[in-house]
Structure formats: structure tokens, C-alpha cells
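In my numbering, the protein residues as written are 2 to 426.
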Ligand SMILES: Nc1ncnc2c1ncn2[C@@H]1O[C@H](COP(=O)(O)OP(=O)(O)OP(=O)(O)O)[C@@H](O)[C@H]1O
Ligand SMILES: [Mg+2]
């Protein structure tokens, strides 16, 4: 990472001589990493002084976006490119869900989410939200089986880190991370997050604001003299912030939103609509809020349908009571994007209202103009979001890796941290 070290110089020398020889066998990136690993091994074998510090050059510092609904891990590789790590399912996001097999053993991620359908009482979701909730920490009402939200979050961090490390040539050198959190998190919540991650054996260098990470991911630099609006519609929360990059700092000057609006509310609306249609067709009386298995199964189905409607104007699905352990016949249905947008418009309205509020707030704080509008959060993929923001704010909002930008920004921050703090041991 620090490009003036001897390992780098030696590796680059070897790289230029070997590049031709391995052409067509290894990619440039693979060649670089391989040579670097060999150089470090040779230096280590010959007892070159300060090997520990040289090895540090091969360190990977993770940027971790621990989300309410899903989490991601990124890092900047030797070639300066941002890599979003893949988990053992081959996916770049891991559901932030924990299923307890017993009081100690837990399953995390996609499998836990599937388990939540039939065994909801053993499953914990939205633990990030609980990090900001004091009552979840107190007395007998401890969040889950005597475990507080920090301890449960550690299970998620462990899984993220084990699977992210698995992608590295030097997993043993990935011991530090930069975390992110909403701008509205106070010191206590940030400390809980740090503790959760350190419980998984990773030292936390910094906990930075999610809108700052987003701005960095969109290429905003600390001395750009720019003011941007970050609209982040995630899985279970909505945050809108005004971020200023000036004189070497990127700072949040106004932040708002609603901790209880997110993609899941779009899923709930769609689930209710699908169940109503099912009841009409089959003359049945299923109700989402009366049966948690039914609700969880429908939420998984609705989320799939919602994502399909991001890419096409209509889609079909089968609503089958088999999904939640019922026995009635399945029914095939078609839903259009137009219907979906109509049934969820009130949710989007709410985010727009909060956006105008924060703009007014920032004007009061002396912000003259907004240079750019940046969209973040997986829910920003829904086409109605950008269309509405562009119309309301009379802008051309940027939509680039909205689901990954927080983790990407954290990885960029980690790299910069490393460049400013060269290894000293
Ligand atoms: N292609 C898509 N179309 C529509 N929605 C999507 C798409 N991809 C992801 N989402 C939604 O994005 C949400 C997850 O976004 P994200 O990972 O940013 O949330 P999070 O960071 O976990 O939540 P939060 O920011 O509230 O803590 C889910 O509701 C998911 O359904
Ligand atoms: Mg998020």
C-alpha cells in the first residue's frame, strides 16, 4: 500500500522482467501479487531486518459496512483497486441475520435468513437498530437469551471477517478495519459497534460516518470545495445528509432521515398486497401480522419480486402457502412496476419530505448550493427513487454502486489512513 517500500521496489523490478514470460497465463494483477508474496518470503527466509514492518506493507485493512439488513466488506488491493469481498455463497453482501442453533452456536447470513421463516424465535434480525436502543441492553430483557446487541453483532463480524480473509494471499495480515455508521450515531453507539468488531478479533482504526464514506466512494476529495447531498435508502433505515468537502476535511453539516423507513417497508407493502390477492382468489383469511412464519416467507418472496421490478416493468410469481407451512393451493400472479410504485408512493413521499427538511436545515447553516446529489443504499436501485429525486431537486442524481458505496468509501479511507500512518514497528 505504501508505494515507496523495498518490497514494492523489488517486486516492481521483478514484475517488469517477468511480465512477458507469464503473459496469457496470469493476469497483471495476479502476477504482481504473486511476486510480492515471493519477495516477502525470500526476505523473511534470509532474516532481513525489519521484516515485520516489510510484511506490514502487505497488510489489508478492511472497510466494513455493517448494515441493518446486509453487510459488506471491501479493501483496496495492491494495484489500488477497490475489491468488494465475496462470501462463501459467492455473494458480495451477507444478510445481517443470526440464527441460534443453541445458546452458543449460531448460523449467520443467508442461511439464517431462510431459517427465520420456520424458526423465527431463534432468529435475530435488525441488530444494528438495537445497537442504538438502551432497553435492549438492560436487565432481564436482554436482547436475546442474555446476549446484548453488541455480542450478537460480533457473530456477524466473525462471519464477515472469516469469509473476507479467505480471499487474501496474506489473511494473517488482515487484522485491522475501518467501520461506518449513520451520522446520527452518538459516541455510545459507535463504541458498541467498535466493541462488536473487536470481539471478532479485528482492531478498529476508525468509525466514520456513512455519508462521508459515500462521498469518498463517489470520488469526492477532502479539498474539493464541494457540498453534496447524500440520500441513503437502505434496508431498514433512511438517512439524508449534507456533506461538505473543504480544506482537507470531509464533514457532515446536516443529517436527518427516519430510522424506521427502508426497503423492508416496500417489501411489507408488496407482501400485504400479494396476500390480499391470494385471499380474494382462494377465499382464505391469511393475515401478515397474525403469523410471523407467513410474514417472513412473504417478505422473502416480496423482496425477490421487488428486485425483479427494478429491472423489468412486470413480473410473475407463485404465492404458495407451502412457503410458510400452509396447505392451500398455490396461485400464480403478475405484478407491474406501476402497481408496485403506486402502493409504495407514500413511503417515497416521506423520504422526500425529510430531504427537503434537511436542505432547509443546511440553508439555515449557511449552505448556499448543493453541487451534487449522491444516491446510496440498496433501495436506491428502485427506478422510482432516482426519477423522483431528479424531479424534486431539479438535478441529475448520481447512482453508482449504491449498495456498495459505503463499504467502498470505508476501504478508501483505510488506504488513506495507511498512507498517512506508515508502519513504525
Ligand atoms: N436491485 C434492487 N432493487 C430494489 N431494491 C434492492 C435491490 N438490491 C437491493 N435492494 C434492497 O436494498 C436493501 C438493502 O440495502 P442496503 O444493503 O444498503 O441496506 P443496509 O445498509 O443493510 O440497511 P441500513 O442502511 O438501513 O442499515 C434491501 O431492502 C434490498 O431489498
Ligand atoms: Mg446502509
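Just so it is clear, CB atoms sit at the ideal spot from N, CA and C, and this is done for glycine as well.
Output yes or no for whether 8 Å exceeds the beta carbon distance between residue i and residue j.
{"i": "residue 370", "j": "residue 228", "result": "yes"}
{"i": "residue 255", "j": "residue 366", "result": "yes"}
{"i": "residue 264", "j": "residue 380", "result": "yes"}
{"i": "residue 240", "j": "residue 184", "result": "yes"}
{"i": "residue 375", "j": "residue 387", "result": "no"}
{"i": "residue 174", "j": "residue 195", "result": "no"}
{"i": "residue 368", "j": "residue 243", "result": "yes"}
{"i": "residue 373", "j": "residue 399", "result": "yes"}
{"i": "residue 69", "j": "residue 247", "result": "no"}
{"i": "residue 197", "j": "residue 124", "result": "no"}
{"i": "residue 1", "j": "residue 211", "result": "Residue numbering for the chain in the displayed model covers 2 to 426; residue 1 lies beyond these limits and cannot be assessed."}
{"i": "residue 345", "j": "residue 232", "result": "no"}
{"i": "residue 431", "j": "residue 132", "result": "This structure cannot settle anything about residue 431, because the visible part of the chain is limited to 2 through 426."}
{"i": "residue 32", "j": "residue 169", "result": "no"}
{"i": "residue 351", "j": "residue 268", "result": "no"}
Buried or exposed for residue i, please, with buried defined as at least 16 other CB atoms from any protein chain shown within 10 angstroms of its CB.
{"i": "residue 501", "result": "Nothing about residue 501 can be read from this structure; the chain reaches only from 2 to 426."}
{"i": "residue 422", "result": "exposed"}
{"i": "residue 286", "result": "exposed"}
{"i": "residue 158", "result": "buried"}
{"i": "residue 102", "result": "exposed"}
{"i": "residue 2", "result": "Because the pLDDT of residue 2 is 45, which lies under 50, any placement of that residue in the model is unreliable, and the number read from its coordinates should be weighed accordingly. It counts as buried."}
{"i": "residue 333", "result": "exposed"}
{"i": "residue 307", "result": "buried"}
{"i": "residue 347", "result": "exposed"}
{"i": "residue 426", "result": "With a pLDDT of only 46 at residue 426, under the threshold of 50, the placement of this residue in the model should not be trusted, and no figure is reported."}
{"i": "residue 389", "result": "buried"}
{"i": "residue 4", "result": "Any answer about residue 4 is weak, because its pLDDT of 44 lies below 50 and its placement is not dependable; what the coordinates show is given next. Exposed, since its Cβ has fewer than 16 Cβ neighbours within 10 Å."}
{"i": "residue 266", "result": "buried"}
{"i": "residue 63", "result": "buried"}
{"i": "residue 395", "result": "exposed"}
{"i": "residue 343", "result": "exposed"}
{"i": "residue 110", "result": "buried"}
{"i": "residue 99", "result": "buried"}
{"i": "residue 186", "result": "buried"}
{"i": "residue 378", "result": "buried"}
{"i": "residue 323", "result": "exposed"}
{"i": "residue 414", "result": "buried"}
{"i": "residue 407", "result": "buried"}
{"i": "residue 405", "result": "buried"}
{"i": "residue 50", "result": "At residue 50, the pLDDT of 49 sits below 50, so the modelled position is not reliable and the matter cannot be decided from this model."}
{"i": "residue 113", "result": "buried"}
{"i": "residue 341", "result": "buried"}
If you compare alpha carbons, which of the options is closest to residue i?
{"i": "residue 235", "options": "298, 182 and 248", "result": "182"}
{"i": "residue 97", "options": "127, 74 and 121", "result": "127"}
{"i": "residue 105", "options": "22, 87, 155 and 71", "result": "155"}
{"i": "residue 315", "options": "72, 346, 335 and 249", "result": "335"}
{"i": "residue 36", "options": "47, 24 and 14", "result": "14"}
{"i": "residue 220", "options": "116, 12, 384 and 409", "result": "409"}
{"i": "residue 249", "options": "264, 225 and 257", "result": "225"}
{"i": "residue 339", "options": "232, 279, 310 and 153", "result": "310"}
{"i": "residue 94", "options": "79, 75 and 83", "result": "75"}
{"i": "residue 120", "options": "407, 419, 40 and 298", "result": "298"}
{"i": "residue 296", "options": "46, 18 and 115", "result": "115"}
{"i": "residue 270", "options": "251, 203, 290 and 163", "result": "290"}
{"i": "residue 419", "options": "396, 17, 78 and 26", "result": "78"}
{"i": "residue 163", "options": "203, 361 and 125", "result": "203"}
{"i": "residue 312", "options": "321, 337, 165 and 32", "result": "337"}
{"i": "residue 429", "options": "11, 24 and 25", "result": "As displayed, the chain neither begins before 2 nor continues past 426, which places residue 429 out of reach and without an answer."}
{"i": "residue 92", "options": "302, 198 and 165", "result": "165"}
{"i": "residue 327", "options": "253, 107, 118 and 153", "result": "118"}
{"i": "residue 321", "options": "279, 66, 288 and 305", "result": "279"}
{"i": "residue 416", "options": "178, 41, 18 and 42", "result": "178"}
{"i": "residue 393", "options": "81, 360 and 414", "result": "360"}
{"i": "residue 172", "options": "59, 26 and 24", "result": "59"}
{"i": "residue 29", "options": "66, 82, 73 and 293", "result": "82"}
Based on DSSP bridge pairs, tell me the residues matched to residue i.
{"i": "residue 240", "result": "233 and 258"}
{"i": "residue 222", "result": "In the DSSP output, where bridge partners are listed per residue, residue 222 has none listed."}
{"i": "residue 293", "result": "Bridge partners of residue 293: none, in fact."}
{"i": "residue 64", "result": "75 and 179"}
{"i": "residue 101", "result": "107"}
{"i": "residue 83", "result": "77"}
{"i": "residue 250", "result": "247"}
{"i": "residue 318", "result": "334"}
{"i": "residue 96", "result": "71"}
{"i": "residue 124", "result": "100"}
{"i": "residue 156", "result": "In the DSSP output, where bridge partners are listed per residue, residue 156 has none listed."}
{"i": "residue 145", "result": "148"}
Check whether chain B comes within 8 Å of residue i, counting only Cβ atoms and requiring the distance to be less than that.
{"i": "residue 374", "result": "The structure shown contains no chain B; it is built from a single protein chain."}
Between residue i and ligand 4, is the CB less than 7 Å from at least one heavy atom?
{"i": "residue 379", "result": "Annotation note on ligand 4: not contained in the displayed structure, which lists ligand 1 and ligand 2 as its ligands."}
Give every residue whose Cβ lies closer than 5 Å to any heavy atom of ligand 2, listed in chain order. Put simply, the residues with a CB less than 5 Å from any heavy atom of ligand 2 are 68 and 235, in chain order.
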